[in-house]
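S.K.: Protein chains in written order, with UniProt numbering: chain L, 1 to 287; chain R, 1 to 353; chain A, 1 to 360.
In this text, a Cβ means the ideal position worked out from N, Cα and C, and glycines have one as well.
One structure coming up, written as structure tokens, with questions to follow.
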Amino acid sequence: MKKHNQKAWLFVLPVLILVAFNALIPMMTVVNYSVQETFGDNLFFWEGLGWFEKLLRSDRFHDALGRQFLFTGLILIIEIPLGIAIALSMPRKGFWVPVCLVTMALPMLIPWNVVGAMWNIFTLPDIGLLGYFMNHTLGINYDMTQDPLAAWITIITMDVWHWTSLVVLLAYAGLVSIPDAYYQAAKIDGASNWAVFRYIQIPKMKNVLTIAILLRFMDSFNIYTEPFVLTGGGPGNSTTLLSIDLVKIALGQFDLGPAAAMSLIYFAITLLVSWLFYTLMTKDDLN
Amino acid sequence: MALELRQVTKVVGSNMHIKETSLVLEQGHFNVLLGQTGAGKTSLIKLMAGLDKAASGQILMDGIDVTNQSPQKRQISLVHQFFVNYPHMTVYDNIASPLRLSGMGKDAIAKRVNETADILQLIPMLQRRPHELSGGQQQRCALARAIAKDSTVVFLDEPLANLDYKLREELRDQLPDLLAGRGAVVVYATSEPEEALLLGGKTALMDDGQVTQFGPTAQIYRHPKNLNAARVFSDPPINIAEVIVRDNQVELSPEITWPLSSNAPKTAGTYTLGIRPNFVVPQKTSASQVALKGRVMVSELSGSESSAHFEMGCNAWVSQAHGIHNYTIGQEHDFFMDPSKCFFFAPDGALIA
Amino acid sequence: MAKITLKNLRHSYYPNPKDPADFALKEINLDWQDGGAYALLGPSGCGKSTLLNIVSGLLAPSDGQILFDDQDVTDLPPDARNIAQVFQFPVIYDTMTVYDNLAFPLRNRGINETEVSTRVTEIAQMLDVNDMLQTRAANLSPDNKQKISMGRGLVRDDVNVVMFDEPLTVIDPHLKWKLRSKLKELHQRVKATMIYVTHDQIEALTFADQVVVMQEGEVVQIGTPVELFERPAHTFVGHFIGSPGMNVLPCELRADAVYLNDTKIEIEGPATTTNAQTYEIGVRPEFVTIADTGLAATVHKVADIGRHSIVEALIGEVKVSAMVQGDTPQKGDQIYLNFQQNQTRLYGDGWLCSTAKGAK
């Protein structure tokens with residue numbers, strides 16, 4: 001038997017270095033900050049798990065986390081069914097396919113801060129198209145700088161407008177991969193449209209939908225740019241999501257320790273929920 | 001030209017995909033790998049082609065060790081069961097691509113492509129793209145690409161499996177002529193015993209990641225080394241029954257006995273009898289035949305032959321006879337077996353010669 | 001269960017067909033009896049799948065009518081035709097158990113659960129899948145999946161016709177004969193009208209009482225397996241059925257007899273036409289023997305296929321195959337061939353034009 005040589009490890013080295021710079025080192029810096037207190041001048045004092053404890057007990061954190069879950073929950077509830085519905089109603093072949101696909105992809109091509117700015121202007125009560133129409137034509141009092149409900153409706157609508165396309169495209173990819181024979185068999189078996197949806201389309205779309213939900217969960221849970229540009233977290237704190245709050249603490253107040261602790265908890269929650277969700281969705285396939 | 005395997009194995013995880021195999025494959029005739037799906041034919045081909053690495057052992061080309069050589073350097077061609085062509089290239093470019101890679105001159109390429117396309121009747125389609133061709137034409141294009149190239153080994157992995165049966169017949173007929181005089185070692189994998197017989201040459205029977213027997217095709221068919229080899233090389237399946245040899249006769253059941261013939265075991269005991277379906281026929285043709293009775297479950301017609309699946313005691317047997325015979329399903333029919341064509345296998349499976 | 005009639009059926013995939021070549025199906029007239037087992041046999045692209053889809057209603061024909069028990073169903077959608085179809089690739093509902101899969105067509109029609117349970121159990125028994133009724137269908141092997149697809153087609157007892165579209169394509173060769181025989185057995189038990197589309201002669205001949213051979217959108221011959229083998233109506237049928245297929249040898253029809261390479265050949269009986277453009281002799285390799293006198297030929301190739309050998313010989317430029325038992329000549333040998341007279345037929349422009357002696 002020939003002795004194994006260890007030279008192959010050299011080939012893995014670049015990847016290891018890359019991962020280290022990319023993830024491990026920044027991460028360890030954050031961990032380092034999270035257990036210390038600093039007042040600037042590069043002076044650090046050991047704080048232990050103090051920041052974590054304070055944070056987990058603070059109402060401010062609870063509120064931001066609650067808003068974050070509410071936001072993510074709402075957009076998932078709206079975007080996933082809406083995305084599937086749009087995908088189902090799109091043509092599967094012919095001239096209109098590329099037209100639909102391009103139209104669908106358009107919102108996703110716009111930079112995030114531009115989306116925020118666009119919607120901000122769009123909803124201004126005196127000059128924005130939507131804002132003016134609502135306030136002056138319909139006579140509905142709609143001003144998201146005053147009314148938390150209006151602000152919420154606006155950020156949700158904006159996210160739905162921006163990201164439903166992703167769900168549509170993924171669901172559509174799932175749909176077109178179903179062989180015709182399945183639809184033909186279902187017709188012959190006398191299946192209703194609902195049965196076709198329930199027993200053919202949904203099961204065949206399951207994998208892409210899992211990916212769609214995961215992506216939408218992670219993106220919306222970490223969302224920052226668009227709501228920040230749109231509402232800046234207001235009015236009051238009503239749309240201050242976790243990420244906005246985090247930046248406020250870290251850069252606004254320069255509380256690096258608490259901010260670092262918050263980042264870690266934030267990260268842990270995202271990871272945990274994604275993992276839970278993924279395990280649940282793929283559980284069936286493993287048996 | 002010869003391809004030699006010396007104690008080659010392949011291991012995936014803790015599974016032995018190819019058990020220790022030694023083979024010498026030569027040019028000038030087809031080398032058929034025959035085995036059911038999952039027997040290890042494709043795994044073995046991948047090893048020989050260098051697409052997979054052997055866990056142990058050596059692979060030699062003309063006595064030169066190529067075990068660690070990459071497939072690109074080995075000058076081989078491979079045709080897969082599914083028609084693999086470059087979709088964006090015309091048929092001409094598809095056939096020419098390996099020649100261009102080998103640095104052949106433009107005129108020489110044109111000459112070679114046209115020659116090959118002519119034999120495979122692809123001339124009218126040279127300017128089309130693969131998706132404009134029928135399945136048979138696509139596979140001919142893939143074959144042309146493999147053949148045009150000056151390869152030292154040509155691997156054909158069930159190349160006809162996805163074609164219409166008549167087309168399969170035609171191409172199978174042409175393939176040996178096409179590859180003759182190329183000076184390449186031809187390795188052909190198939191799961192159909194009939195195909196192996198039609199291609200002739202030498203056959204390696206494969207079962208469970210192992211070559212169980214290797215030799216001239218017709219000879220292996222007539223002299224399977226053991227029960228397993230006989231099973232692999234039989235379609236419809238070989239008929240099998242437990243028999244007792246005693247008092248100078250063979251006993252299939254208390255009613256069905258016949259005198260010991262020269263091919264039967266000399267010592268008394270229990271053996272497994274194997275007889276090919278074509279030696280079990282519905283009409284008596286010679287006095288030495290042994291009469292059987294069975295309830296016909298299914299009858300099949302292959303155009304020129306009829307087969308009947310019948311139950312006889314606890315054995316399910318098949319009869320295959322020339323011409324058309326009508327059976328009533330569910331009824332008892334007479335069958336006649338030629339005892340001189342029986343194989344006898346010892347309890348460990350080995351053929352008793 | 002029903003009798004199926006196809007009247008002047010034509011189909012083209014082009015919106016405005018002009019040329020006959022634009023038609024995937026050219027004028028089909030067929031009668032399928034109630035409870036029969038039929039096969040549509042032909043090479044790929046011969047129009048057999050098109051015909052099947054027209055019968056099932058997945059495709060509307062350009063011209064003509066489809067009648068079930070003399071009722072016009074041409075404009076009815078598939079679900080209103082009361083038919084069942086098994087596709088080339090197994091179609092199963094992944095998330096359901098085998099039991100629910102089999103029950104699906106019944107439940108969709110509002111049949112009560114006791115009845116569903118009886119039918120499903122019965123079909124599962126026929127298909128030998130009763131021990132996997134509670135498994136999820138997605139986890140089955142391809143052959144079992146295909147059995148479930150067949151089961152869904154057979155579970156309803158009110159279907160007019162059950163259709164099979166090359167159902168054994170994805171099945172491993174050594175399992176094919178098992179499913180082939182299972183299908184035959186099923187037909188004998190359920191007695192439904194069944195139509196089986198395939199390019200494989202063994203599947204067609206095993207399954208069907210009547211085989212419809214198609215070529216380029218046309219029906220070339222309808223007959224029992226025996227008829228197709230013994231008296232092919234067209235050289236295509238002779239070539240397509242049997243392996244190797246029938247020898248088709250160009251010949252000359254002179255005043256007194258048929259000549260092949262200036263040698264007189266005895267055919268089964270007199271020719272019925274004398275004004276065809278080309279004439280060919282059709283004789284199956286089974287009926288060609290090597291003898292001491294006869295047609296001189298040179299052995300070109302010998303293939304020993306175990307049960308017998310196939311000798312390919314050249315008479316001049318013409319290839320002839322013979323099926324030989326026992327000793328075979330060597331390549332290059334000079335041999336003499338004999339054709340068995342009552343199995344040697346004459347074809348004019350492709351169509352059978354000799355009559356058997358004693359026949360009307």
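With distances taken between CB atoms, is the gap from residue 51 of chain A to residue 102 of chain A smaller than 9 angstroms?
M.R.: Translated into the one-based positions of the third sequence, residue 51 of chain A becomes position 51. Translated into the one-based positions of the third sequence, residue 102 of chain A becomes position 102. No; because the gap between Cβ atoms is not below 9 angstroms, this pair is not in contact.
S.K.: Is it buried or exposed, residue 287 of chain L, if we count other Cβ atoms within 10 angstroms and call 16 or more buried?
M.R.: Walking along the first sequence from the start, residue 287 of chain L turns up at place 287. The predicted model places residue 287 of chain L with a pLDDT of 45, which falls under 50 and marks its position as unreliable; any figure quoted below should be read in that light. When all chains shown are included, residue 287 of chain L counts as exposed.
S.K.: Below 8 angstroms on the Cβ atoms is my guess for residue 4 of chain A versus residue 190 of chain A; work out the distance and round it to an integer in Å.
M.R.: As a working note, residue 4 of chain A is residue 4 in the third sequence. As a working note, residue 190 of chain A is residue 190 in the third sequence. Contact doesn't hold; Cβ gap of about 17 angstroms is too wide.
S.K.: Any chance you could list the alpha helix (DSSP H) runs of at least 4 consecutive residues sitting entirely within the stretch 15-100 of chain R, in chain order?
M.R.: Listed in chain order, they are 41-49.
S.K.: Check whether the Cβ of residue 278 of chain R lies closer than 9 angstroms to any Cβ atom in chain A.
M.R.: Stepping through the second sequence from its first residue, residue 278 of chain R is reached at position 278. Yes, its Cβ sits closer than 9 angstroms to a Cβ of chain A.
S.K.: So what's residue 88 of chain A in DSSP terms, helix, strand or just coil?
M.R.: Position 88 of the third sequence, counted from the start, is the residue given in the question as residue 88 of chain A. DSSP places residue 88 of chain A in coil when its eight states are reduced to three.
S.K.: Tell whether a beta-carbon distance below 9 angstroms holds between residue 338 of chain A and residue 267 of chain A.
M.R.: For the purposes of this step, residue 338 of chain A is taken as the residue at position 338 of the third sequence. For the purposes of this step, residue 267 of chain A is taken as the residue at position 267 of the third sequence. No.
S.K.: Against residue 83 of chain A, what residues of chain L qualify as contacts under a CB-to-CB distance less than 8 angstroms, listed in chain order?
M.R.: On the third sequence, position 83 is the one that residue 83 of chain A refers to. Ordered by position in chain L, the residues that pass the 8 angstroms Cβ test against residue 83 of chain A are 188.
S.K.: Could you tell me which of R:7, R:325, R:27, R:12 sits nearest to residue 226 of chain A, measuring between CA atoms?
M.R.: Mapped onto the third sequence, residue 226 of chain A falls at position 226. Minimum Cα distance to residue 226 of chain A is reached at R:325.
S.K.: Three or more C-beta pairs under 8 angstroms: does that hold for the stretch 23-38 of chain R against the stretch 200-209 of chain R?
M.R.: Output reads yes: the stretch 200-209 of chain R touches the stretch 23-38 of chain R.
S.K.: Any C-beta of chain A within less than 9 angstroms: which residues of the stretch 34-51 of chain R qualify?
M.R.: Hits within the stretch, in order: 36, 37, 38.
S.K.: At a Cβ cut of 9 angstroms, what residues of the stretch 263-288 of chain A count as close to chain R, listed as they run along the chain?
M.R.: So the list reads 284, 285, 286, given in the order they occur along the chain.
S.K.: Residues of chain A with CB closer than 9 angstroms to the CB of residue 324 of chain R, please, in chain order.
M.R.: Taking the first residue of the second sequence as 1, we reach residue 324 of chain R at position 324. Within 9 angstroms Cβ-Cβ: 225, 226, 229, 230.
S.K.: Kindly say whether residue 192 of chain L, judged by its beta-carbon, lies nearer than 9 angstroms to any beta-carbon of chain A.
M.R.: Position 192 of the first sequence, counted from the start, is the residue given in the question as residue 192 of chain L. So yes, residue 192 of chain L belongs to the interface.
S.K.: Is the CB-CB distance between residue 91 of chain A and residue 49 of chain A below 9 angstroms?
M.R.: The residue given as residue 91 of chain A occupies position 91 in the third sequence. The residue given as residue 49 of chain A occupies position 49 in the third sequence. No; because the gap between Cβ atoms is not below 9 angstroms, this pair is not in contact.
S.K.: Look at the Cβ atom of residue 312 of chain A, then the Cβ atom of residue 300 of chain A, and state whether they are nearer than 9 angstroms.
M.R.: Taking the first residue of the third sequence as position 1, residue 312 of chain A is located at position 312. Taking the first residue of the third sequence as position 1, residue 300 of chain A is located at position 300. Contact flag set, yes.
S.K.: Distance check for residue 78 of chain R and residue 187 of chain L, CA to CA, integer angstroms please.
M.R.: Within the first sequence, residue 187 of chain L is the residue found at index 187, counting from 1. Within the second sequence, residue 78 of chain R is the residue found at index 78, counting from 1. About 42 angstroms.
S.K.: Please state whether DSSP places residue 188 of chain R in a helix, a strand or coil.
M.R.: Residue numbering aside, residue 188 of chain R sits at position 188 when the second sequence is read from its first letter. Correct three-state label for residue 188 of chain R: strand.
S.K.: Helix, strand or coil: which one does DSSP assign to residue 82 of chain A?
M.R.: Sequence index remark: in the third sequence, residue 82 of chain A carries index 82 (1-based). Three-state result, residue 82 of chain A: coil.
S.K.: Just to confirm the assignment, what range does the beta strand (DSSP E) spanning residue 251 of chain A have?
M.R.: What you label residue 251 of chain A is simply residue 251 of the third sequence in a count that begins at 1. 247-253 is the span of the beta strand (DSSP E), which, as asked, contains residue 251 of chain A.
S.K.: Enumerate in chain order the residues of its own chain whose CB-to-CB distance from residue 67 of chain L is below 6 angstroms, with the five nearest sequence positions on each side excluded.
M.R.: Numbered from its first residue, the first sequence carries residue 67 of chain L at position 67. If we look at residue 67 of chain L and ignore the five residues flanking it on each side, its Cβ neighbours are 241.
S.K.: Nearest to residue 277 of chain A by CA position, among A:210, A:170, A:351, is which residue?
M.R.: Taking the third sequence and counting its residues from 1, the one referred to as residue 277 of chain A is at position 277. Of the listed residues, the one whose Cα sits closest to residue 277 of chain A is A:351.
S.K.: Report the three-state DSSP secondary structure of residue 324 of chain R (helix, strand or coil).
M.R.: Against the second sequence, residue 324 of chain R aligns to sequence position 324. In the structure shown, residue 324 of chain R sits in coil (DSSP, three-state: anything other than H, G, I, E or B).
S.K.: Quick one: list the residues of chain R neighbouring residue 202 of chain A, beta-carbon separation under 9 angstroms, in chain order.
M.R.: Your numbering for residue 202 of chain A matches position 202 in the third sequence. Neighbours of residue 202 of chain A on chain R, chain order: 165, 300, 301, 302, 303.
S.K.: If we cut at 9 angstroms on Cβ distances, does residue 218 of chain A have a partner in chain R?
M.R.: Against the third sequence, residue 218 of chain A aligns to sequence position 218. It does not: the Cβ of residue 218 of chain A has no partner Cβ on chain R nearer than 9 angstroms.
S.K.: Quick one: is residue 197 of chain R near chain A, going by C-beta distance under 9 angstroms?
M.R.: Residue 197 of chain R sits at position 197 when you count from the first residue of the second sequence. It does; some Cβ of chain A falls within 9 angstroms.
S.K.: Please report the distance separating the alpha-carbon of residue 154 of chain R from that of residue 254 of chain R.
M.R.: As a position in the second sequence, residue 154 of chain R is number 154, starting the count at 1. As a position in the second sequence, residue 254 of chain R is number 254, starting the count at 1. The straight-line gap from Cα to Cα measures roughly 54 angstroms.
S.K.: Residue 305 of chain A touches chain R at which residues, Cβ-Cβ below 8 angstroms?
M.R.: Sequence index remark: in the third sequence, residue 305 of chain A carries index 305 (1-based). The answer, in chain order, is 194, 197, 198.
S.K.: Does residue 238 of chain R have its Cβ less than 9 angstroms from a Cβ in chain A?
M.R.: Start at 1 with the first residue of the second sequence, and residue 238 of chain R comes out as number 238. No, no contact with chain A.
S.K.: Give the C-beta separation of residue 207 of chain R and residue 349 of chain R to the nearest angstrom, bearing in mind that I take them to be a contact with Cβ-Cβ under 8 angstroms.
M.R.: As a working mapping, residue 207 of chain R is identified with position 207 in the second sequence. As a working mapping, residue 349 of chain R is identified with position 349 in the second sequence. Incorrect: roughly 11 angstroms between the Cβ atoms, too far for contact.
S.K.: Going along the chain, which residues of the stretch 88-100 of chain A sit with their C-beta nearer than 8 angstroms to a C-beta in chain L?
M.R.: Hits within the stretch, in order: 88, 89, 91, 93, 94, 95, 96.
S.K.: Following the continuous beta strand (DSSP E) through residue 25 of chain A, name the residue where it begins and the one where it ends.
M.R.: Here residue 25 of chain A refers to the residue found at position 25 when the third sequence is read from its first residue. Residues 23-32.
S.K.: Against chain A, does residue 223 of chain R count as a neighbour if the rule is that its beta carbon must be under 9 angstroms from one of theirs?
M.R.: Taking the first residue of the second sequence as 1, we reach residue 223 of chain R at position 223. No, residue 223 of chain R lies away from the interface with chain A (no Cβ there is under 9 angstroms from its Cβ).
S.K.: Apply the 10 Å Cβ neighbour rule to residue 96 of chain L and answer buried if 16 or more other Cβ atoms are within range, or exposed otherwise.
M.R.: In the first sequence, residue 96 of chain L corresponds to position 96, counting from 1. The residue is exposed, with fewer than 16 neighbouring Cβ atoms inside 10 Å.
S.K.: Leaving out five residues on either side along the sequence, give the residues of the same chain with a beta carbon under 8 angstroms from the beta carbon of residue 336 of chain A.
M.R.: For the purposes of this step, residue 336 of chain A is taken as residue 336 along the third sequence, with counting starting at 1. Taken in chain order, the residues that qualify are 290, 291, 292, 293, 294, 295, 296, 297.
S.K.: From this set, R:322, R:216, R:93, which residue's C-alpha is nearest residue 281 of chain R's C-alpha?
M.R.: Against the second sequence, residue 281 of chain R aligns to sequence position 281. Per the Cα distances, R:322.
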